[in-house]
Amino acid sequence: LVTVITTIISASGRPSISLLVGCVTLATSAGLNAVLIPGYGLRGAAMSTTVAMLVGTMIGGAYLWKRFGLLLPVPSALRIAGCSALVYWISLLVTPTSRLLIVVQLALASLVYLAGLVVSREIGREELSALKRVFT
15 LVTVITTIIS
25 ASGRPSISLL
35 VGCVTLATSA
45 GLNAVLIPGY
55 GLRGAAMSTT
65 VAMLVGTMIG
75 GAYLWKRFGL
85 LLPVPSALRI
95 AGCSALVYWI
105 SLLVTPTSRL
115 LIVVQLALAS
125 LVYLAGLVVS
135 REIGREELSA
145 LKRVFT
């Protein structure tokens, strides 16, 4: 989302704002990594990245909201968040024991996420057709 948001901001003629969002995101990540990795290792790195990307998304999103008066319709945001939460919850149920099983779990999580978006009507036939064209 940070990449999409900063691309929109740059395309609207404000690349300096995109740079600022990127710098704040990077600084947040570096600071949190310095604090969390020593105590939590890889989980600390994951937490740091997640929080930093959330911060960047919120700052960039706030800018787009202020500048253009919109970002993402609330129902869409709720459907996407719900599908994301479902995939996260499912990921907690199984801990893969090999690299192959990690790949399988990620592939299945992607399919569950896509199915959730279809069932919730967040994506429709047009989006699925576009996705099909990407893979064919």
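Every number in the working numbering is 14 more than the matching position in the sequence shown, counting from 1.
Idealized CB from N, CA, C, for every residue including glycine.
These numbers were taken from a predicted model, which means no experiment stands behind them.
Query	Result
For a quick check, are the C-beta atoms of MET67 and LEU50 less than 7 Å apart?	no
Can you tell which of SER112, GLN119 and ALA95 has its C-alpha closest to the C-alpha of LEU106?	GLN119
With DSSP run on the structure shown, which of helix, strand or coil describes SER32?	helix
Pick out the complete beta strand (DSSP E) segments inside the segment 81 to 110, 3 residues or longer, and give them in chain order.	none
At the level of alpha carbons, what is the spacing between THR63 and ALA48?	12 Å
If you run the structure through DSSP and keep just helix, strand and coil, what is ILE137?	coil
Distance check for TRP103 and THR111, CA to CA, integer angstroms please.	18 Å
Taking Cβ to Cβ, would you say LEU11 is nearer than 7 Å to VAL65?	There is simply no residue 11 to check, as the chain begins at 15 and stops at 150 in what is shown.
Output needed for SER32: all residues of its chain with C-beta closer than 7 Å, excluding positions within five of it in sequence on either side, in chain order.	THR20, ILE23 and SER24
Output the boundary residues of the alpha helix (DSSP H) element that contains THR20.	16 to 25
If you check the beta carbons only, do LEU78 and LEU85 fall under 7 Å apart?	yes
Mind checking whether ALA123 and VAL88 have CB atoms under 7 Å apart?	no
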